[in-house]
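Chains A and B are the protein sequences, given in the same order. Those letters in the first sequence? Residues 2 to 395, per this note's numbering, in order. Those letters in the second sequence? Residues 4 to 33, per this note's numbering, in order. The beta carbon of each residue, even a glycine, is placed where N, CA and C say it ideally should be. All of these numbers come straight from a predicted model, not from anything done at the bench.
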Amino acid sequence: RPVNLPRKEKDFQGMLEYKKEDELKLVKNLILELKPRGVAVNFIPGLPAYILFMCLRHADYLNDDQKVRTLLTSTINSIKKILKKRGDDFETVSFWLSNTCRFLHCLKQYSGEEAFMKHNTPRQNEHCLSNFDLAEYRQVLSDLAIQIYQQLIKCMENILQPMIVSGMLEHETIQGVSGVKPTGLRKRTSSIADEGTYTLDSILRQLSSFHSIMCQHGTDPELIKQVVKQQFYIIGAVTLNNLLLRKDMCSWSKGMQIRYNVSQLEEWLRDKNLMNCGAKETLEPLIQAAQLLQVKKKTDEDAEAICSMCNALTTAQIVKVLNLYTPVNEFEERVSIMFIRTIQTRLRDRKESPQLLMDTKIIYPVTFPFNPSSLALESIHIPGSLNLGFLTRV
Amino acid sequence: RPPSRPRVLLKAPTLAEMEEMNIFEEEESP
């Protein structure tokens with residue numbers, strides 16, 4: 002009786018053979034019907050991308066340009082299709098963003114172009130594509146990755162948006178600071194039913210959840226940094242815009258609360274080792290608005306200090322905060338019209354837009370820095386649960 | 004080591020053009 006001895010890894014060449022008629026089954030099982038949760042938790046990050054690339058390598062090895070083309074088209078169209086269907090699910094979008102990037106990195110790492118081979122092992126160099134130059138397809142994949150990134154940002158924004166005003170402005174964690182409520186102000190009724198239930202802690206927990214999902218999916222660290230920067234921009238912009246529209250948010254004690262909240266966000270960045278991703282800098286307008294609520298606003302010296310401090314705020318924003326500023330106790334007073342005029346005169350020569358509100362829809366341009374993998378393709382096993390028994394390891 | 008033979012550049016359609024080649028057409032039609 003023949004003994005079914007498993008082949009040794011060194012005997013494999015890191016390719017997966019498939020029949021042309023199985024291509025649809027491949028993208029169906031691997032992309033359209035895959036449940037990201039199970040895959041992300043149990044298997045190596047980027048496994049679908051590696052499997053697709055190993056199939057592509059086999060088509061390249063056969064020198065079958067039609068097979069290469071149709072596999073790439075089916076892959077890209079399937080990813081677009083799943084994102085159309087589940088585009089509002091952060092996990093799905095994050096999963097396909099990281100896999101699309103990994104697929105793109107593989108196309109570079111194994112392209113045979115020296116610039117992308119610097120970190121390859123000799124064995125990895127043997128696995129470079131041998132017949133086709135897929136540079137144009139890399140461009141298409143990069144365009145796809147940009148689309149998925151924008152979808153991820155929208156998805157994240159939809160989840161975060163309802164928490165921001167409540168967690169950053171309304172909810173008070175510093176006990177006894179505000180003391181007396183500003184006189185003559187009604188408590189603003191909430192437009193979102195459960196708005197009042199969100200706290201800064203809800204925001205921090207949500208940020209951690211986004212972060213842990215992306216890490217689990219093996220998202221490139223450089224890409225995570227860009228997502229976090231965008232998250233912080235949205236938090237800062239939405240908070241500042243609401244502050245600029247609400248008198249009850251423009252008091253000394255709110256300034257204190259905002260500064261505390263910002264320090265907690267910074268602490269979160271430090272905890273995740275993300276201090277250098279540019280996220281903190283996006284909060285600068287909000288930080289300055291909070292400081293503006295707290296500094297003295299009386300003398301010419303105060304005016305000078307404010308003008309040099311608030312360089313991330315527009316004149317319209319500075320003047321608005323000063324106009325809205327509302328004392329909450331007898332030790333504070335309203336800002337005089339004369340003082341506001343002094344500020345306006347001092348800032349007259351600033352070249353800037355008359356913009357009051359920040360544009361919360363801005364998305365920073367994304368880049369996908371090349372991130373080669375040390376994983377040996379020949380060592381990759383295909384778990385039975387993926388239902389890809391029709392692929393043969395070569 | 005990269006092979007000495009030059010690779011053949013595969014011309015790619017754009018992302019939008021690719022969508023036209025809907026591989027799922029048959030499956031989706033009633």
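- Membership of F391/A in any alpha helix (DSSP H) is not indicated, and neither H nor E is assigned to it by DSSP.
- Across the region 130–146 of chain A, CB contacts with chain B closer than 8 Å involve L130, S131, N132, F133, D134, L135, A136, E137, Y138, Q140, V141, D144, L145, in sequence order along the chain.
- Interface criterion met: the Cβ of N78/A is under 8 Å from a Cβ in chain B.
- A distance below 8 Å separates the beta carbons of V28/A and S75/A.
- Under DSSP, F133/A forms a beta bridge with V11/B.
- Interface with chain B (8 Å Cβ-Cβ cutoff): T93/A is excluded.
- CA-to-CA, the gap between V141/A and T17/B works out to about 6 Å.
- For I149/A, the closest of N78/A, T174/A, Y111/A, E173/A by C-alpha to C-alpha distance is N78/A.
- According to DSSP, E18/A shares a beta bridge with T393/A.
- Ranking Q151/A, L392/A, K82/A, G219/A by CA distance to the CA of Y365/A puts Q151/A first.
- The criterion of a C-beta distance shorter than 8 Å is satisfied by Q232/A and M157/A.
- Taking 7 Å as the Cβ-Cβ cut-off, the region 60–74 of chain A approaches chain B at D66, V69, R70, T74, given in chain order.
- Taking a C-beta distance under 8 Å as the contact criterion, I83/A and I32/A qualify as a contact pair.
- In this structure C102/A touches F369/A by the C-beta definition: roughly 5 Å separates them, less than 8 Å.
- In terms of Cα proximity to K230/A, the closest of I204/A, D350/A, L246/A, N277/A is N277/A.
- Under the three-state reduction of DSSP, L35/A is assigned to coil, being neither helix nor strand.
- Per DSSP, Y111/A is not a residue of any alpha helix (DSSP H), being assigned neither H nor E.
- Flagged as an interface residue toward chain B: K81/A, by a C-beta distance shorter than 8 Å.
- H212/A carries a helical assignment under DSSP once its states are collapsed to helix, strand and coil.
- Per DSSP, M339/A is one residue of the alpha helix (DSSP H) stretching across 338–347.
- If you compare the alpha carbons of L275/A, I214/A, M169/A, D249/A with that of I235/A, the shortest gap goes to M169/A.
- Between the region 349–364 of chain A and the region 324–336 of chain A there are fewer than three C-beta pairs closer than 8 Å, too few to call the two in contact.
- Look at C311/A here: in three-state DSSP terms it is coil, with no helix or strand label.
- In this structure, the straight-line span from the alpha carbon of A238/A to that of L287/A is close to 7 Å.
- Taking a C-beta distance under 8 Å as the contact criterion, K36/A and F391/A do not qualify as a contact pair.
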